[in-house]
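Worksheet: the structure to be examined is printed underneath.
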Amino acid sequence: MSKIFILGASALQIPMIRAAKERGLYVYVLDYDSAAAGIPLADEFLCISTIDSRAVLEAARKYKPDYVMTSTSDMPVRTVAWVSEQLGMQCDISYEDALCATDKNHMRRRMKECGVPIPKFYAAYSAEDFIGKSRIFKDRFVAKPADNAASRGVVLADTKRNPSVSYLRKIYNYVHSFSRGGVVMVEEYMEGPEVSVETFTVNGETHIITITDKMVTDLPYFVETGHTEGSRLPEIEQADIRRVALKAVGAINVINGPCHVEIKATAKGAKLVEIAARMGGDHITSDLVPLSTGVDMTACSLAAVIGDPVDLEPKRSQGAAIRFLYMQNAADTSLDSSTRIITSIEGIETASSMPGVTDVQLYSRVGDEAVPLKSSNDRLGHVIAVGADADEAAARADAALEAIRLTYEDKR
Ligand SMILES: Nc1ncnc2c1ncn2[C@@H]1O[C@H](COP(=O)(O)OP(=O)(O)OP(=O)(O)O)[C@@H](O)[C@H]1O
Ligand SMILES: [Mg+2]
Numbered sequence: 066m067s068k069i070f071i072l073g074a075s076a077l078q079i080p081m082i083r084a085a086k087e088r089g090l091y092v093y094v095l096d097y098d099s100a101a102a103g104i105p106l107a108d109e110f111l112c113i114s115t116i117d118s119r120a121v122l123e124a125a126r127k128y129k130p131d132y133v134m135t136s137t138s139d140m141p142v143r144t145v146a147w148v149s150e151q152l153g154m155q156c157d158i159s160y161e162d163a164l165c166a167t168d169k170n171h172m173r174r175r176m177k178e179c180g181v182p183i184p185k186f187y188a189a190y191s192a193e194d195f196i197g198k199s200r201i202f203k204d205r206f207v208a209k210p211a212d213n214a215a216s217r218g219v220v221l222a223d224t225k226r227n228p229s230v231s232y233l234r235k236i237y238n239y240v241h242s243f244s245r246g247g248v249v250m251v252e253e254y255m256e257g258p259e260v261s262v263e264t265f266t267v268n269g270e271t272h273i274i275t276i277t278d279k280m281v282t283d284l285p286y287f288v289e290t291g292h293t294e295g296s297r298l299p300e301i302e303q304a305d306i307r308r309v310a311l312k313a314v315g316a317i318n319v320i321n322g323p324c325h326v327e328i329k330a331t332a333k334g335a336k337l338v339e340i341a342a343r344m345g346g347d348h349i350t351s352d353l354v355p356l357s358t359g360v361d362m363t364a365c366s367l368a369a370v371i372g373d374p375v376d377l378e379p380k381r382s383q384g385a386a387i388r389f390l391y392m393q394n395a396a397d398t399s400l401d402s403s404t405r406i407i408t409s410i411e412g413i414e415t416a417s418s419m420p421g422v423t424d425v426q427l428y429s430r431v432g433d434e435a436v437p438l439k440s441s442n443d444r445l446g447h448v449i450a451v452g453a454d455a456d457e458a459a460a461r462a463d464a465a466l467e468a469i470r471l472t473y474e475d476k477r
């Protein structure tokens with residue numbers, strides 16, 4: 066029986082763990098969290114952090130898996146590439162390229178070299194450096210950690226409203242606190258609708274699976290609040306988006322496997338927000354893509370790793386949308402969090418039985434804390450709906466979300 070290491074055992078990895086089991090593989094899951102939701106589905110659990118490359122390599126030498134992969138998490142992409150290189154296993158992306166797909170500083174440099182349209186950017190290595198570089202932008206700019214995810218620490222700085230050094234220091238300290246390696250990116254703010262593009266590469270040839278319209282919170286934060294497939298942008302803009310997505314995938318030299326490419330459709334054309342050499346999270350590849358196109362990207366990713374044929378053929382064409390639940394009425398645009406307690410949740414059954422709704426999930430319960438939305442982890446639940454087209458799916462998901470009512474009280 067062939068053996069596989071799947072890096073990460075959280076709920077997001079469950080579809081991949083299931084697919085590997087169904088394919089008859091002996092599945093090891095690796096995670097630092099011994100309570101991770103996917104552990105009971107695997108054959109064996111190894112309590113190892115997915116970003117501890119050396120520990121993963123040691124385990125691979127001991128258990129001798131035939132394949133090493135991850136599903137929808139960012140950082141393990143690097144580990145998979147490094148361990149595969151060390152063991153001389155098949156590499157669908159090199160370590161050097163994986164770095165460019167996971168560290169925003171390396172990514173921006175690589176994309177610039179390869180002529181992929183990107184915003185003007187700088188990397189800041191200290192508070193003074195940050196303040197100096199931020200002055201290059203006239204009125205506003207985006208600050209974000211070079212190496213985090215889930216929009217943690219991504220913020221728009223408005224220096225027209227507040228040009229003071231103390232404001233810039235506060236922004237720097239906030240963003241820096243989310244940066245593992247200490248590097249803070251300073252970027253031109255790109256204006257325009259945002260999409261993500263799911264791609265799949267087979268033997269170096271990249272296919273576009275679908276384009277997803279993305280909804281994000283009001284400024285100054287950028288947390289995703291919903292996704293809708295297929296994109297409703299004009300075809301001419303979508304063609305430009307596809308061109309930039311293919312160029313970005315080409316820039317990181319993916320040989321086989323999925324990419325999740327985030328793009329802004331600006332007045333000056335499509336520009337890259339970021340690229341990930343993995344499947345899109347946020348229920349995009351696990352739910353929305355299969356619902357709207359019938360393509361099973363989890364199965365495709367596993368097939369690519371183990372050398373089975375990859376089936377990218379669309380099987381249907383309909384709309385699919387997800388909307389996230391979050392604490393709506395406590396808009397807090399300061400950098401300090403104000404925590405509240407959930408006192409009631411109503412309307413779950415009503416939402417579940419509404420037309421087109423395929424899934425309603427809550428991540429929190431009465432008595433749990435809720436905070437203003439600054440990162441994806443602050444979201445409280447979601448609804449997913451399908452429709453004949455994207456507009457209908459979006460309207461149905463919006464209506465289901467509306468049906469759910471939460472009340473809160475201040476934390477004492
Ligand atoms: N230069 C920019 N101009 C405009 N918006 C930006 C810029 N950089 C980031 N954003 C916004 O912030 C969001 C999060 O940024 P980014 O994708 O770089 O961080 P992340 O933490 O990896 O996010 P996630 O894991 O949620 O995709 C983007 O989806 C986009 O809406
Ligand atoms: Mg992103």
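Just so we're aligned, residue 66 is where the sequence shown starts under the working numbering, counting upward by one.
Heads up, the beta-carbon is just placed ideally off N, CA and C, and yes, glycines get one too.
By Cβ distance below 6 Å, which residues in the same chain neighbour residue i in space, the five residues on each side in sequence not counted?
| i | result |
| --- | --- |
| L90 | S67 and I69 |
| A468 | G412, T415 and A416 |
| R200 | none |
| F195 | A189, Y237 and V249 |
| R444 | F389 and Y391 |
Could you tell me the distance, in whole angstroms, from the CA atom of residue i to the CA atom of residue j?
| i | j | result |
| --- | --- | --- |
| R461 | N318 | 39 Å |
| M344 | D376 | 16 Å |
| E474 | Q393 | 13 Å |
| I349 | V121 | 28 Å |
| D108 | D373 | 22 Å |
| I79 | D98 | 14 Å |
| M419 | G295 | 21 Å |
| S357 | A385 | 5 Å |
| E178 | G421 | 45 Å |
| Y190 | K198 | 10 Å |
| Q383 | A192 | 49 Å |
| V181 | D361 | 28 Å |
| V281 | K129 | 43 Å |
| S403 | A435 | 9 Å |
| D454 | A163 | 35 Å |
| I113 | E123 | 10 Å |
| S216 | K209 | 8 Å |
| P228 | Y187 | 19 Å |
Using a Cβ-Cβ cutoff of less than 7 Å, which residues in the same chain neighbour residue i once the five nearest sequence positions on both sides are dropped?
| i | result |
| --- | --- |
| N321 | D157, T266, V267, N268 and A369 |
| R205 | L221, A222, D223, T224, K225 and Y254 |
| A310 | V262, T264, I273, V326 and I328 |
| T398 | Caution applies to T398, whose pLDDT of 48 falls short of 50 and renders its modelled position unreliable; the model cannot decide the point. |
| A125 | F70, V133, V148 and L152 |
| A464 | M419 |
Output needed for residue i: all residues of its chain with C-beta closer than 8 Å, excluding positions within five of it in sequence on either side, in chain order.
| i | result |
| --- | --- |
| S409 | V431, R470, L471 and T472 |
| I104 | A74, V94, D96 and F110 |
| L77 | S136, T137, S138, G346 and S351 |
| V314 | T264, T266, T271, C324, V326 and I340 |
| R405 | M392, A395, E434, A435, V436, Y473, E474, D475 and K476 |
Provide the residue span of the alpha helix (DSSP H) that contains residue i, from first to last.
| i | result |
| --- | --- |
| V309 | E300 to A316 |
| M81 | I79 to E87 |
| C112 | Run containing C112: none in the alpha helix (DSSP H); it sits in the beta strand (DSSP E), E109 to C112. |
| R126 | S118 to Y128 |
| D463 | A455 to A468 |
Which of the three DSSP states is assigned to residue i in this structure?
| i | result |
| --- | --- |
| C156 | coil |
| A416 | helix |
| L90 | coil |
| H447 | strand |
| D376 | coil |
| R174 | helix |
| V220 | strand |
| M250 | strand |
| Q54 | With the chain represented from 66 up to 477, any question about residue 54 goes unanswered, as that position is not in the structure. |
| T398 | With a pLDDT of 48 at T398, under the threshold of 50, the modelled position of that residue is not reliable, and no figure is offered here. |
| S231 | helix |
| I371 | helix |
| F149 | For the sequence presented, residue 149 should be read as Ser rather than Phe. Reduced to three states, the DSSP call for S149 is helix. |
| I236 | helix |
| L438 | coil |
Between which two residues does the beta strand (DSSP E) containing residue i stretch?
| i | result |
| --- | --- |
| I196 | Looking at the DSSP string, I196 is not in any beta strand (DSSP E); the run it does join, the alpha helix (DSSP H), is A192 to S199. |
| M280 | E270 to V281 |
| R205 | R205 to P210 |
| T331 | G322 to T331 |
| T135 | Y132 to T135 |
| L356 | Not the beta strand (DSSP E): L356 falls in the alpha helix (DSSP H), residues V354 to T358. |
| H292 | E289 to E294 |
| E256 | Counting along the chain, E256 falls outside any beta strand (DSSP E), and DSSP gives it neither H nor E. |
| K476 | Careful: K476 lies outside any beta strand (DSSP E) and carries neither H nor E. |
Contact defined as beta carbons within less than 8 Å: I believe residue i pairs with residue j. What is the distance between those atoms, to the nearest angstrom?
| i | j | result |
| --- | --- | --- |
| K185 | E252 | 7 Å |
| V288 | L438 | 5 Å |
| M134 | T167 | With 8 Å as the limit, M134 and T167 do not qualify as a contact, their Cβ atoms being about 15 Å apart. |
| L353 | H447 | Contact flag wrong, Cβ pair sits at about 11 Å. |
Please confirm whether residue i has its beta-carbon closer than 8 Å to some beta-carbon of chain B.
| i | result |
| --- | --- |
| G291 | In summary, chain B is missing from the structure at hand, where a single protein chain is found. |
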